[in-house]
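281 is the number of the first residue of the sequence shown in the working numbering; add one for each residue after it.
We put the CB at the ideal spot given by N, CA and C, even for glycine.
Fair warning: this is a prediction, and the values are worked out from it, not measured in the lab.
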Amino acid sequence: MKKTLSYLLLSLLLVCISCDNEPYDGEIIIEQPATGNPTTDPEPDPDPVDPDPVPITSTQLADYDYIKTFSSAGDDTTFITDFVINLNNQFLAQNTTFTFLGITVNGVSTILRDEFSRVTQVNTSVDGVLVNRTSINYNLDKITEISYEDLEDTSENFIFSYTHGNNEITRVREGTNRSTKFTFDATTSKLVLRETMENGTIIKTENISYDSAGNITSIVITGQDANTYTYAHDNNTNPLLNSLNDLYVFSILNDEYDDQYEHWQAMIYSPNNVTSVTTQQGSSNLDIQYDASNRIITRNGTIFTSVPTVSSDVTITIDETFEYIN
Numbered sequence: 281m282k283k284t285l286s287y288l289l290l291s292l293l294l295v296c297i298s299c300d301n302e303p304y305d306g307e308i309i310i311e312q313p314a315t316g317n318p319t320t321d322p323e324p325d326p327d328p329v330d331p332d333p334v335p336i337t338s339t340q341l342a343d344y345d346y347i348k349t350f351s352s353a354g355d356d357t358t359f360i361t362d363f364v365i366n367l368n369n370q371f372l373a374q375n376t377t378f379t380f381l382g383i384t385v386n387g388v389s390t391i392l393r394d395e396f397s398r399v400t401q402v403n404t405s406v407d408g409v410l411v412n413r414t415s416i417n418y419n420l421d422k423i424t425e426i427s428y429e430d431l432e433d434t435s436e437n438f439i440f441s442y443t444h445g446n447n448e449i450t451r452v453r454e455g456t457n458r459s460t461k462f463t464f465d466a467t468t469s470k471l472v473l474r475e476t477m478e479n480g481t482i483i484k485t486e487n488i489s490y491d492s493a494g495n496i497t498s499i500v501i502t503g504q505d506a507n508t509y510t511y512a513h514d515n516n517t518n519p520l521l522n523s524l525n526d527l528y529v530f531s532i533l534n535d536e537y538d539d540q541y542e543h544w545q546a547m548i549y550s551p552n553n554v555t556s557v558t559t560q561q562g563s564s565n566l567d568i569q570y571d572a573s574n575r576i577i578t579r580n581g582t583i584f585t586s587v588p589t590v591s592s593d594v595t596i597t598i599d600e601t602f603e604y605i606n
């Protein structure tokens, strides 16, 4: 059960490193204020994991809770997740309670950052026991390696290595013949194309489209696991974008198409809030409530994934709650 939860925590962990609106030249610019320059030996922040707070904005989250339930043939599997956000509007940890067949376990995923606010490690514990960790290495702010260590089953360990070019990053999973090329838009630095290859032959292609505001409008996958996802949005500010802004690139480079399971690229990294999701299974039925300032406060209802690992007879419901600093 612990190992099962650790995998699910990783798929639910909505983490990534953000980009600026500059042409991508082989690195993604971190938008969070950094102390010093990675090529020098600066005096580190007194607490790089939880730095001094920045001025609070009206859409800064104090708390974000996310409940997801899978229902099939009378059996429910439920995740109750609380996201820990500091006063610097950075995502620090995810506390998840997982209930399946009457058994409940508790998991925690924590994020460690260095003195430059770069994510360097993600640790996952289940019922107080560390079960896995992911370590991230950099060279001049570019991610060069991500290593995953399963502390319960070493056969699950793996290492991703990366090479950088203009607007492109290529990932190789060491010990395999599989590689993935990520292409970013030269103007917006957002991911627009992902190609998965085996022995140099493309077996899966993902094209991502955006509207003029930067919202993801569609994801089209051809080849292996072909699928199409479309998204609609409101005109209000998405508070998740700022809180998880410094995790964009990490999540993209560490992802193996789990984003369609959670729709996290659209739900988190669109400037406006997702109001509907359409997949091959059908369209979502989401109810969204706002406060007097047009800030999203709840989003709940049914949603579909259409991924091969989720049976078509499974009903998925989500229930999100957003609380603000002021």
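Which residue comes first and which comes last in the alpha helix (DSSP H) that contains residue i?
| i | result |
| --- | --- |
| Q545 | 544–549 |
Throw me the rounded Cβ distance for the residue i and residue j pair, which I believe falls under 8 angstroms.
| i | j | result |
| --- | --- | --- |
| T510 | S351 | Between S351 and T510 the Cβ distance is about 24 angstroms, and since that is not below 8 angstroms, they are no contact. |
| G581 | T597 | 7 angstroms |
| V402 | S389 | 6 angstroms |
| N507 | Q560 | 6 angstroms |
| S684 | F584 | A question about residue 684 goes unanswered here, because the residues of the chain that appear run from 281 up to 606. |
| T376 | F396 | Between F396 and T376 the Cβ distance is about 28 angstroms, and since that is not below 8 angstroms, they are no contact. |
| S427 | S435 | No, S427 and S435 are not in contact; Cβ-Cβ is about 15 angstroms, not under 8 angstroms. |
| L527 | F371 | 7 angstroms |
| T481 | T460 | About 13 angstroms; that fails the 8 angstroms criterion. |
| T357 | F380 | 5 angstroms |
Out of the options, state which residue places its alpha-carbon closest to the alpha-carbon of residue i.
| i | options | result |
| --- | --- | --- |
| L392 | N479, N375, G445, R413 | R413 |
| I365 | L341, V554, A353 | L341 |
| R575 | G562, F602, N375, S563 | F602 |
| T424 | D430, R398, L372 | R398 |
| E600 | E475, N386, I568, S573 | I568 |
| V411 | D394, D430, K348, F440 | D430 |
| S338 | Q561, R453, N457, I577 | I577 |
| Y346 | Q561, M547, S591 | M547 |
| N525 | N534, V388, N369, T400 | N369 |
| R458 | L367, E478, D505 | E478 |
| K470 | V452, K484, S531 | S531 |
| T456 | T463, L473, F438, H444 | F438 |
| L473 | L533, A572, N417 | L533 |
| S592 | D571, G562, Y604 | G562 |
| G445 | T434, E432, E454, F462 | F462 |
| I348 | S492, T361, G354 | As written in the sequence, residue 348 is Lys, which differs from the Ile given in the question. The shortest C-alpha separation from K348 is found at T361. |
| T259 | T476, N447, T460 | The structure shown does not extend to residue 259, since the chain spans only 281 to 606, so no value can be given for it. |
| A493 | E475, L381, A512 | A512 |
| A572 | N606, H543, E536, D356 | N606 |
| N417 | G382, G503, D394, T460 | D394 |
| S441 | K422, E432, A353 | K422 |
| G408 | T443, V385, T379, T400 | V385 |
| V590 | V529, D505, Y570, S523 | D505 |
| S586 | T400, Y570, H543, Q374 | H543 |
Starting from residue i and walking both ways along the beta strand (DSSP E), at which residues does that stretch end?
| i | result |
| --- | --- |
| L471 | 471–478 |
| D412 | It should be noted that the sequence gives Asn, not Asp, for residue 412. Run containing N412: 409–419, per the beta strand (DSSP E) assignment. |
| T450 | 448–453 |
| E603 | 595–604 |
| T463 | 458–464 |
| T443 | 438–445 |
Would a check of beta-carbon distances place residue i closer than 8 angstroms to chain D?
| i | result |
| --- | --- |
| L381 | The displayed structure is made up of one protein chain only, and chain D is not part of it. |
May I have a chain-ordered list of the alpha helix (DSSP H) segments no shorter than 4 residues that lie completely inside the region 514–588?
-> With a minimum length of 4 residues, the continuous alpha helix (DSSP H) runs that stay inside the region 514–588 are 519–523, 528–534, 539–542, 544–549.
Sufficient close CB pairs (3 or more, under 8 angstroms) joining the region 546–553 to the region 515–527 | Flag = yes, the region 546–553 and the region 515–527 touch.
Jot down the residue ranges of each uninterrupted beta strand (DSSP E) in the region 480–512, minimum 3 residues, whole runs only, in chain order.
-> With a minimum length of 3 residues, the continuous beta strand (DSSP E) runs that stay inside the region 480–512 are 481–490, 496–503.
Tell me, please, whether the region 496–504 touches the region 474–488 by the rule of three or more beta-carbon pairs shorter than 8 angstroms.
-> In short, these stretches touch, since the Cβ pair count reaches three.
Mind pulling the alpha helix (DSSP H) runs of 4 or more residues that sit fully within the region 350–432?
-> If you keep only unbroken alpha helix (DSSP H) runs of at least 4 residues inside the region 350–432, you get nothing at all.
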